[in-house]
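Student: Mapping to our numbering: the sequence shown position 218 is 218, numbers consecutive.
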Amino acid sequence: MFHPKKRLGQHFLKDKKAILQIVSLLKGYGGYSSVLEIGPGKGALTRPLYAEYKNLYAIDIDPEVIYFLKNDPFLKNLKNLHLIQGDIRSFPIDRLPDPLGIIGNLPYALGSDIMMHVLNYKDQVPEIIFMLQKEVAERVASPCGSRKYGKISVWIQTYYEVEYIFSLPPESFFPPPMIKSGVLRLRRNDRKKLPLPESFFREVVKKAFMQRRKRLANALRELIPKSSKLSPQLLNKRAEELSANEFIQLSQKIYLDSKPNLNKIIEYNKGNQGQ
């Protein structure tokens with residue numbers, strides 16, 4: 001038997017009703033039959049997950065967790081249960097089956113980092129269930145105009161429909177954390193690709209929210225070329241007033257304004273379509 005490690009932010013879910021609720025949220029959206037569990041701990045979710053999905057992967061950074069699960073009387077003899085010791089933040093998810101559902105009870109301090117890593121594999125992952133710090137979960141699910149709406153809200157909502165499902169109190173875990181947890185369901189939307197480099201889009205969003213109380217004209221001053229013809233009405237807005245779609249449009253305009261030759265090529269191609 002091993003004990004939860006504070007340095008790894010381990011808080012193991014023990015609420016049986018919540019466990020079944022969380023597992024039931026995975027609906028196989030996108031037609032996947034394989035699931036990756038992040039942070040299996042003592043296997044509270046792993047056992048019911050295996051009953052539903054016969055090709056299950058579980059990754060944990062703690063070697064004691066993997067050793068415990070490999071020697072668990074129920075789990076150790078199961079076929080197609082793949083236990084991986086490693087850090088999900090650097091794990092190549094594209095090595096796993098495509099499409100793939102993902103579920104996990106994320107360490108509070110690493111929740112945002114893990115979500116951003118998973119986002120890099122968005123085309124492989126049609127559905128995600130994450131349990132994380134309530135404040136972070138609310139931020140991810142917040143619509144534009146909300147005080148909690150931020151850069152991670154935009155980044156995630158660009159590719160996923162986000163639902164905040166329910167909250168969990170500290171007593172649902174062992175040891176109980178000092179804060180509440182929130183459960184999210186993310187389902188991949190129809191957006192295949194951005195009309196500009198992903199890195200540039202993320203930079204625009206990041207800078208816009210670094211000074212969220214400032215108007216976009218000031219917050220994005222370093223990125224907007226002086227020759228830009230962006231609408232003054234748009235630039236007078238603040239970051240929290242723009243939806244993910246509006247951020248895409250804004251980022252594309254700034255990108256094209258900063259690449260005049262590229263802009264000319266696009267206009268030329270448009271003018272010659274059908275000729």
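Note that CB positions come from ideal geometry on N, CA and C, so glycine has one too. Predicted model only: the values in this text are computed from it and were never measured.
Buried or exposed: which applies to D60, given that a residue is buried once 16 or more other Cβ atoms fall within 10 Å of its Cβ?
Tutor: buried
Student: Measure the beta-carbon distance from K151 to F209 and round it to whole angstroms, keeping in mind my assumption that it falls under 8 Å.
Tutor: 4 Å
Student: Mind listing, in chain order, the continuous beta strand (DSSP E) runs of no fewer than 3 residues lying wholly within the segment 156 to 237?
Tutor: 160 to 168 and 181 to 188
Student: Using CA coordinates, which residue listed in L250, H82, L168 and I248 is at the minimum distance from D15?
Tutor: L168
Student: By the 10 Å Cβ neighbour count, where 16 or more other Cβ atoms means buried, how is S172 classified, buried or exposed?
Tutor: buried
Student: Between the C-alpha atoms of G41 and S112, what's the straight-line distance to the nearest angstrom?
Tutor: Approximately 19 Å, taken between the alpha carbons.
Student: Would you list the residues sitting across from G277 in a DSSP beta bridge?
Tutor: With the chain represented from 1 up to 275, any question about residue 277 goes unanswered, as that position is not in the structure.
Student: Excluding the 5 residues preceding and the 5 following N269 in the sequence, name in chain order all residues of the same chain whose CB lies nearer than 7 Å to its CB.
Tutor: Per-residue confidence for N269 stands at a pLDDT of 45, beneath the threshold of 50, marking its modelled position as unreliable; the derived number appears in the next sentence. So no residue of the chain qualifies.
Student: For S153, collect the residues of the same chain with a Cβ closer than 7 Å to its Cβ; drop the 5 residues on either side in sequence, then sort them by chain order.
Tutor: Apart from sequence neighbours up to five positions away, the residues of its chain that approach S153 with a beta-carbon distance below 7 Å are R139, V140 and S142, ordered along the chain.
Student: When the Cα of M115 is compared with those of T46, F130, K79 and D94, which residue comes out closest?
Tutor: F130
Student: Run the CB neighbour count on G104, radius 10 Å, all protein chains shown included, and call it buried at 16 or more, exposed below.
Tutor: buried
Student: How should R185 be labelled, buried or exposed, when 16 other C-beta atoms within 10 angstroms of its C-beta is the threshold for buried?
Tutor: buried
Student: Taking the alpha carbon of A217 as the point to measure from, which residue in K206, Q233 and E203 has its own alpha carbon closest?
Tutor: A217 has its Cα closest to that of Q233, out of K206, Q233 and E203.
Student: Less than 7 Å between the C-beta atoms of G9 and A109, yes or no?
Tutor: Cβ atoms of G9 and A109: closer than 7 Å.
Student: List the residues that DSSP assigns as beta-bridge partners of F12.
Tutor: F174
Student: Out of V65, H3, I102 and S251, which has the shortest C-alpha to C-alpha gap to Y277?
Tutor: With the chain covering only 1 through 275, there is no way to say anything about residue 277.
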